[in-house]
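>
There are 2 protein chains.
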Amino acid sequence: MLQTLLAARQALTHHEIEQALASRLAVDRVTVYRVLDWLVSLGLAHRIAGEDRTWRFLATHGEAHATHAHFMCSRCGRTVCLDEVAVPPAVKVPRGFEPSHVELNVKGVCAACR
Amino acid sequence: MLQTLLAARQALTHHEIEQALASRLAVDRVTVYRVLDWLVSLGLAHRIAGEDRTWRFLATHGEAHATHAHFMCSRCGRTVCLDEVAVPPAVKVPRGFEPSHVELNVKGVCAACR
DNA sequence: TCCGGCACGCAACCCAATTGCATCTGGGGC
DNA sequence: GCCCCAGATGCAATTGGGTTGCGTGCCGGA
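Line by line, the protein sequences are chains A and B. Heads up, the first sequence is in the numbering used here, so the first residue is 1 and it goes up one at a time. Heads up, the second sequence is in the numbering used here, so the first residue is 115 and it goes up one at a time.
#1: Please report how far the alpha carbon of A:Gly108 lies from the alpha carbon of A:Ala11, in whole angstroms.
#2: What's the gap between the Cα of B:Val216 and the Cα of A:Leu21?
#3: Check whether the stretch 140–154 of chain B and the stretch 185–194 of chain B are in contact - that is, three or more C-beta pairs closer than 8 Å.
#4: Report all residues from its chain with a CB closer than 6 Å to the CB of B:Trp169; omit the five preceding and five following residues, and keep chain order.
#5: What is the rounded straight-line gap between the Cα of B:Ala225 and the Cα of A:Cys73?
#6: With 8 Å as the C-beta to C-beta threshold (strictly closer), list the residues of the stretch 209–222 of chain B near chain A in chain order.
#7: Answer yes or no: does any C-beta atom of chain B fall closer than 8 Å to that of A:Arg34?
#8: Between B:Val59 and chain A, is any beta-carbon pair separated by less than 8 Å?
#9: Go to B:Arg148, then tell me how far its alpha helix (DSSP H) extends in each direction, as first and last residue.
#10: For A:Val85, go through chain B and note every residue whose CB falls closer than 7 Å to its CB, in chain order.
What follows is the structure, given as structure tokens:
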């Protein structure tokens with residue numbers, strides 16, 4: 001499953017992952033969720049919430065992606081990494097707030113959906 | 115409903131809005147959704163997807179918030195505007211992609227949840 | 001061989017959001 | 001004043017992603 005994530009050029013939904021695995025072996029939807037949660041808790045992957053209220057998962061390719069920008073297509077939901085965009089590593093937050101990480105999301109329409 | 119949004123210091127879920135209105139008049143959940151969609155389509159409000167897979171709504175106080183940063187508490191879901199944080203107005207995207215707007219989200223734990 | 005833990009699958013459930021449809025209401029035309 | 005239509009509203013049912021509970025099978029160690 002991690003291999004699938006690493007090979008993907010974009011964030012994958014649980015459904016896409018399930019489908020990608022299906023050719024090799026049949027796994028239950030729940031198992032996919034559980035393994036993904038496990039990968040996330042291990043820091044090998046992270047998940048982002050899309051506009052369509054589904055989780056998408058990305059492998060953390062080393063720590064180059066520690067601060068990552070995403071492009072989210074508001075039509076098809078496709079989510080890709082924008083490697084060239086720098087994300088401010090730290091921001092000013094109100095007193096008492098504890099930021100853990102910063103996300104920079106660009107919404108719009110992807111090339112395939114225009 | 116717009117008044118409720120304008121008065122709020124944070125992004126409101128449909129549920130919170132429904133509750134805020136309940137004291138004055140009883141409205142159906144569906145009506146709340148429809149009015150909110152209408153406000154969004156008019157540009158008077160915008161909605162953001164939280165980590166908990168629920169929509170949250172914010173009034174657009176003029177256009178000062180055209181590029182807005184948010185703080186999202188990963189524990190309670192509370193979403194507040196970070197007015198002091200500047201968002202890059204434009205970013206570089208792959209060929210063929212059409213960005214419409216940029217969101218800067220800071221994830222972490224809010225003061226109330228620590 | 002027996003036992004305990006663990007991963008897995010199945011089914012049921014939860015909940016936000018959406019849709020379909022019937023009803024109400026208010027204004028314009030006659 | 002009356003009728004009709006359009007838009008707004010409410011109710012109920014549905015959708016769909018995600019989660020949970022529970023039973024079962026598969027090891028590995030004692």
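In this text, a Cβ means the ideal position worked out from N, Cα and C, and glycines have one as well. On a predicted model such as this, the values are computed, not experimentally measured, just so you know.
So, from the listed chains and residues:
#1: 16 Å
#2: 33 Å
#3: no
#4: Arg161
#5: 33 Å
#6: Arg209, Gly210, Phe211, Glu212, Pro213, Ser214, His215, Val216, Glu217, Leu218, Asn219, Val220, Lys221 and Gly222
#7: no
#8: Given that chain B is displayed from residue 115 to residue 228, the structure contains no residue 59 of chain B and the question cannot be resolved.
#9: Arg143 to Leu156
#10: Val205 and Lys206
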